[in-house]
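Residue numbers (our numbering): 873 to 1139. Built from N, CA and C at the ideal position, the CB exists for glycine as well. Encoded as structure tokens, the structure appears first; notes follow it.
Printed below as a string of structure tokens:
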């Protein structure tokens, strides 16, 4: 089945069609309304009509005519920019994509490299963004550290691929929160103890986290992979959580990666 996707816009509550947006982008590309009309295979009056519809929706001019040709106004450039970016997003063809966080980055990249799967892309980000990638059909496989995010992704297939404990470095009530890993699980543990604390900062940087004078949680797996040892205020097993693969369908490449990661025995 051949399925194509196109985007239109609603500007100030008024619809603007794909064809009308194409007219605006053609003027931007050619700097000429005549050349733009020729490029689209329409007459100049029809192009003028399309531009007028966009201007009516915008409530202001979207292009101006100068001796050098036609140029877009700031409003016109904004509309054209959104149209062009959405045009790229509507392209359904893409390479196989796997998402994970820095917590599992090393092992997932090692597995993917060993399997030699061609034309594959790796995205390293937080769980929330990675799930968004899957929802937007921009990813095929997502590795989730924080099991609480699974409640937001129940429409997908899931497979537990390992378990991790978390180290609790206790330096008092002031906390720095790492942006990756099962942080919500860790702070729920503090809440269960009715402990008073304040998250005073967040960081994407592991060196900043480790060099901080504040309390923090970190997945033990990240430390062992780097041959680092930190004294934990609690047994990491008390903060043990699942690492889960989620995916839309049982693509052979997905299943191959999942099996290979399971064989690494993350525990």
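Taking residue i as the reference, which of the options has the closest Cα?
| i | options | result |
| --- | --- | --- |
| residue 1061 | 934, 1039 and 1075 | 1039 |
| residue 888 | 904, 921 and 875 | 921 |
| residue 954 | 964, 1047, 1109 and 879 | 879 |
| residue 914 | 927, 926 and 899 | 899 |
| residue 978 | 1010, 1015 and 1006 | 1015 |
| residue 974 | 1026, 997, 967 and 952 | 997 |
| residue 1018 | 909, 988 and 1053 | 1053 |
| residue 971 | 1130, 938 and 1135 | 1130 |
| residue 932 | 884, 1088 and 969 | 884 |
| residue 1101 | 966, 1049, 901 and 1041 | 1041 |
| residue 1034 | 893, 1138, 873 and 911 | 1138 |
| residue 1082 | 1114, 1104, 999 and 1006 | 1104 |
| residue 1058 | 1135, 1012, 1112 and 956 | 1112 |
| residue 1012 | 991, 1001, 968 and 1128 | 968 |
| residue 992 | 943, 1025, 981 and 928 | 981 |
| residue 956 | 1027, 1003 and 893 | 893 |
| residue 943 | 901, 917, 912 and 924 | 901 |
| residue 1136 | 896, 1079 and 1032 | 1032 |
| residue 1121 | 999, 1114, 1028 and 1099 | 1028 |
| residue 912 | 926, 897, 924 and 1064 | 897 |
| residue 1132 | 1005, 1000 and 987 | 987 |
Excluding the 5 residues preceding and the 5 following residue i in the sequence, name in chain order all residues of the same chain whose CB lies nearer than 6 Å to its CB.
| i | result |
| --- | --- |
| residue 1076 | 1051 |
| residue 1020 | 1056 |
| residue 989 | 1125 |
| residue 930 | 883 and 947 |
| residue 1134 | 1033 |
| residue 1005 | 971 and 1011 |
| residue 958 | 879 |
Could you tell me if residue i is buried or exposed, where buried requires 16 or more neighbouring beta carbons within 10 angstroms of its beta carbon?
| i | result |
| --- | --- |
| residue 1116 | buried |
| residue 962 | exposed |
| residue 994 | exposed |
| residue 877 | exposed |
| residue 948 | buried |
| residue 983 | buried |
| residue 934 | buried |
| residue 1092 | buried |
| residue 985 | exposed |
| residue 1166 | Examination of residue 1166 is not possible in this model, given that the chain is present from 873 through 1139 alone. |
| residue 906 | exposed |
| residue 924 | exposed |
| residue 999 | buried |
| residue 873 | exposed |
| residue 927 | buried |
| residue 875 | exposed |
Might you give, ordered along the chain, the residues of its own chain that have their beta carbon closer than 7 Å to the beta carbon of residue i, omitting 5 neighbours on each side?
| i | result |
| --- | --- |
| residue 1097 | 978 |
| residue 1045 | 1068, 1069 and 1070 |
| residue 941 | 903 and 904 |
| residue 1109 | 1037 |
| residue 1047 | 1069, 1070, 1071, 1072, 1086, 1087 and 1088 |
| residue 1123 | 1012 |
| residue 890 | 878, 879 and 880 |
| residue 1090 | 1038, 1039, 1050, 1053 and 1081 |
| residue 1114 | 1019, 1032 and 1035 |
DSSP has residue i in a bridge; who is on the other side?
| i | result |
| --- | --- |
| residue 881 | 888 |
| residue 942 | 937 |
| residue 1113 | 1036 |
| residue 1029 | 1119 |
| residue 1016 | 1116 |
| residue 1138 | 1034 |
Return the chain-ordered list of same chain residues with a C-beta closer than 8 Å to the C-beta of residue i, the five sequence neighbours on each side being excluded.
| i | result |
| --- | --- |
| residue 1022 | 1016, 1030, 1116 and 1118 |
| residue 945 | 932, 933, 934, 935 and 936 |
| residue 952 | 893, 896, 897, 900 and 944 |
Next item on the list: Kindly provide the ranges of any beta strand (DSSP E) runs that are 3 or more residues long and lie completely inside the region 986 to 1013, ordered along the chain.
Entry: 992 to 996
Checklist line | Secondary structure, alpha helix (DSSP H): runs of 4+ residues fully inside the region 1035 to 1107 | finding: For secondary structure counted as the alpha helix (DSSP H) over 4 or more consecutive residues, the region 1035 to 1107 holds these complete runs in sequence order: 1055 to 1064, 1078 to 1083 and 1092 to 1097.
Checklist line | Unbroken stretches of the alpha helix (DSSP H), 4 residues or longer, contained in the region 951 to 985 | finding: none
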